[in-house]
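Take a look at the structure below.
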Amino acid sequence: MARTNDEVARLLAELAELTELDEGSPNAFRVRAYQNAERAVRGLEEDAAGLSAADLAKVKGIGKSIAGRIREYVDTGSIAKLDQLREAHPPSKLALMKVPGLGPKTVQQLDRELGIRSVEALVAGLDDGSVASLEGMGERTIENLRDGITALGLSSKDRRVPIATALPLAERVVAALGNVAGVVEVAYAGSLRRFREDIGDVDVLVATDHPASVHRAFLDLEEVDRTIAAGETKTSIVTRDGIQVDLRTVPPGSFGAAMLYFTGSKAHNIRLRQRAQERGWTLNEYALSLAGPQAPTPRALAAGDLEVVAAGTEADIYAALGLADIPPELREDDGEVELAAGGDLPALVRAEDLRGDLHDHTDLSGDGRDPLEALVAAAVGRGLEYLAITDHAEDLTINGVSREAMLSQRESIRELEQQRGDIALLHGAELNIGRHGGLDYDDRFLAGFDWLVASVHSHLSLDAGEQTARVVAAIRHPSVTAIGHLTARLLGRRPGIDLDLDQVFTAAAETGTAIEINAALPRLDAAVPVIREGARRGCTFVISTDAHAASELDRARFGAAQARRARLERDRVANTWERERFLAWVSRIRG
DNA sequence: GCCGTTTTCGGCCCGACTGTTTTCAGTCG
C-alpha cells in the first residue's frame, strides 16, 4: 500500500509531540530531530515510501534511526516506538498540552503526582484543591489554568485563523500604532508577513525610543479583549474575535534585525544564526554582532559596547551573511538559504511587475459595485496597460449577464478604449463550468470574446473523476483562455473540489490555457503546492484580482505574494508581459 | 536523533514574560 509523504510527515510530527511530552522538554534534541525530519519529508520531491532506508538516511535531516522508522511504517503500517509512546501518553493526556500555560513539565507532574491525564480530571483537581497542593502551584497559576481551560477551543494554542481575517486586523493595528507619538517604524511580521494561508497569531513590531507609551496605546486599542502578558518590550493581547496579537518594541537601530527575527520562520532563523555562528557572530532580534561575553541587548548597543555587523535593515544582515535578500514568502527553510547563498534565487513576481488584470467585474454583474468607467480609470491609475472585463455569464442565476447586455457592454468597452487611448481593454466574461463541463452561451458567441475565464461555481461535491472531467473540458475549449479559482476553495470555510491535478496540468500545458492565481484573500486559489507543480509541468499562469470594486484592484499584491510563495518565475505569469507580447499570446492560445 | 573542510563525539539558536523561586523553571514564540 502506498504511503504518502503527508502521512509519513504527520507521523513524524506525532512522534515529536509525544517525545516532547515524554522527555518533558520542548527543546529536547530528539524532539527537534523529529520536527526536522518532518520538514525534510514534506520537502521531498519523490515519495518517501519508494526510497530504501539507505537513501532516506542520505536526506538532510533524516538519519539512520528515523529512516528505519519510516521504512517500518511503509512496510508494516505501524511504528513500534510510536505505538509505545501512544500507550504511555493517551490522547486525553496529550490534549492537556493544548491548554494555554500548560507545557510538558507540568503535564507530566500532574500525571505523576495526581494521576491527572485529561482536561476533565484537571478541572476536578482544580476544584478539589489537589492541584493547588503541588509544588510550584500558587494562586495565580491555578487561576491561569482555569482561564486556560475556558479559553480552550476559543484561543487554544493551535487555533489558526484564515489570512483574510488576520491581515485586515494586522493592518488596522499597524495603522493605529503608526499614529502614536514616538513610533519610528511599525509593521506586521510573523507568518502573516510570510503570507501563509492561516495564521496562529499576529505579530506587530514597532521601532521606538519610547516603548512604554506604545505598549499603553496598544492596550487601549478597541479590539483588545484581554491581556495575556504585558512587559517592557512585549505585550500580548487577545482580540474580541479571539485572535492573539503580540506587540514587540525595539530601538530604531534594531528594526531590521527585529523584522528578520519576528518574521521567521523559526527554522529559517535557526539557519541564519548557524551561519552567523560560523562567522564568529551572533544574531538576535537586536543585531548581528560579534560574538562575545557581552549579550547584544539594547543597553549594550546603546552604550557602544558591541561590535555590530548589521542591524538596521534585513538586506544588510542577509548581505553580511553572504546571502541575497530573501523575500519573506520564501523563508521556510525549504532550500531558500542555499539558493540565496549561490545567487540562484529565481526572479520572482512583484506587484509592480503586473501590467494587466484579467478577471474583473463591473456593476453589470449583480455583485460588482463600480461602473466600467470607474474600474478602467482605477486600472489606469494603478499603471495597468491592459484590463479584461469579465462579468458573470448568463448561467449564474443570480448575477448572470444576457447576450444582449454582453454585446452592448462590448460596444461601450470598444468606445471607451478608443476614447482613452491609454489602456488596452479586453472584452471577456467569467463563464460557469457546468456539471458536465458545458459552458454558457454557445461556441459561436463565445468566439466573439477577447478573453474568457471559466470557473467552477456549483456542484462542489462531485467526486474527483467528475470534477476533473468538467474542468479539463473547460480547459480544452478553444475560446477559454484561463481557468478561474481552480478549486473554488474558501479558506477556513470550504475545502475546494477534488481534482486529479495530473490531468489538469497536462491539458493546461497542451492548450496553453492559463491557470489563474486568484488574489482574493479568502480564495488564494490555486494553492501554493498546486502552482509549484503546475509550473514544473509547463503551465502558464495569470495573477488576477477578481475585483468586484475598483479598490479591489489593490489585491494584486496578494496574488504576487502567493506566486512568490510558490517560487513562480516572473516570466511564467502572462500578465507580467508587455502588452504586445501578451496580446500575441492570447490570439495564439485561442487559435 | 542528527551531523561533520574542527568528522564518529560533543555539540546542537535565542530571548521575553510569569509566577514562584531568593536565583530560576516553565512556557511561548
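Numbering (the numbering used here) for the first sequence: 1221 to 1811.
From the three backbone atoms N, C-alpha and C, an ideal C-beta is built for every residue, glycine too.
* **Straight-line Cα distance separating D1331 from G1476** => 44 Å
* **CB of V1294 within 7 Å of CB of A1269, strictly** => yes
* **Whole-angstrom C-beta distance between L1389 and S1426, which should lie under 8 Å** => Note that residue 1426 corresponds to Val in the displayed sequence, not to Ser. The pair is not a contact, with the Cβ atoms about 16 Å apart (cut-off 8 Å).
* Keeping to the same chain, check which residues put their C-beta closer than 7 Å to that of D1718; ignore five residues upstream and five downstream. => D1683, A1684 and Q1687
* **Local conformation of W1797 per DSSP, three classes** => coil
* To do: Alpha carbon to alpha carbon, how far is V1673 from E1593? Give it in angstroms, no decimals.
  => 21 Å
* **Alpha-carbon spacing of P1516 relative to Y1506, whole angstroms** => 7 Å
* **Any alpha helix (DSSP H) of 4 or more consecutive residues that is wholly inside the region 1229-1272** => 1249-1262
* To do: Check the DSSP bridge columns for I1457 and list the partner residues they point to.
  => T1447 and V1465
* **Three or more C-beta pairs below 8 Å linking the region 1709-1718 and the region 1751-1758** => no
* On a CA-only basis, which of S1678, T1707, D1722 and A1734 is nearest V1700? Give me that one, please. => A1734
* Asked: Where does W1805 fall in DSSP's three states?
  -> helix
* Asked: Going straight from the alpha carbon of E1534 to that of S1272, what length do you get?
  -> 41 Å
* **Beta bridge counterpart(s) of Y1606 as assigned by DSSP** => G1576 and A1644
* To do: Leaving aside the five residues before and after T1459 along the sequence, list all residues of the same chain whose C-beta is less than 8 Å from its C-beta, in chain order.
  => L1389, E1443, V1444, D1445 and V1465
* Since N1619 is in the alpha helix (DSSP H), which residue starts that stretch and which ends it? -> Element bounds for N1619: n/a, residue is neither H nor E.
* To do: Under 8 Å by Cβ, that's how I've got T1760 and A1794 pegged, so tell me the actual separation to the nearest angstrom.
  => 5 Å
* Applying the criterion that 16 or more other CB atoms from any shown protein chain within 10 Å of the CB defines a buried residue, is D1226 buried or exposed? -> exposed
* **C-alpha distance - I1282 paired with V1621, whole-angstrom precision** => 56 Å
* **7 Å CB neighbourhood of V1228 in its chain, flanking five on each side removed** => V1261, A1268, I1290 and Y1293
* If you drop the 5 nearest sequence neighbours on each side, which residues of the same chain put their C-beta closer than 8 Å to that of P1591? -> T1582 and D1583
* So, helix, strand or coil for A1734, using DSSP? -> strand
* Contact under 7 Å by Cβ, I1537 with A1560 -> no
* **Opposing strand residues paired with Y1408 [DSSP bridges]** => V1424
* Asked: With DSSP run on the structure shown, which of helix, strand or coil describes M1221?
  -> Confidence is the limiting factor: at M1221 the pLDDT is only 49, short of 50, which leaves the residue's position unreliable and the question unanswerable from this model.
* Among residues of its own chain, excluding the 5 on either side of A1437, which ones have a beta-carbon nearer than 6 Å to its beta-carbon? -> V1400
* Rounded to whole angstroms, what's the CA-CA distance from L1441 to D1429? Just pull it up for me. => 20 Å
* Asked: What residues match up with A1812 in a beta bridge as DSSP calls it?
  -> Examination of residue 1812 is not possible in this model, given that the chain is present from 1221 through 1811 alone.
* **A1644 and Y1606 closer than 7 Å at C-beta** => yes
* Hey, quick one: how far does the beta strand (DSSP E) through A1674 stretch, first residue to last? -> W1671 to S1675
* Under a three-way DSSP split, which group does I1703 fall into? -> strand
* Between which two residues does the alpha helix (DSSP H) containing L1559 stretch? -> E1556 to A1561
* **Spatial neighbours of L1231 in its chain, beta-carbon cut-off 7 Å, leaving aside the 5 residues before and after** => Y1293, I1299 and L1302
* Asked: Cα-Cα, which of A1341, R1416 and A1478 is closest to T1385?
  -> R1416
* To do: Counting only the same chain and skipping the five closest in sequence on each side, list residues whose C-beta sits under 7 Å from that of A1540.
  => L1508, V1529 and A1530
* Does the Cβ of E1240 have 16 or more other Cβ atoms within 10 Å, making it buried, or fewer, making it exposed? -> buried
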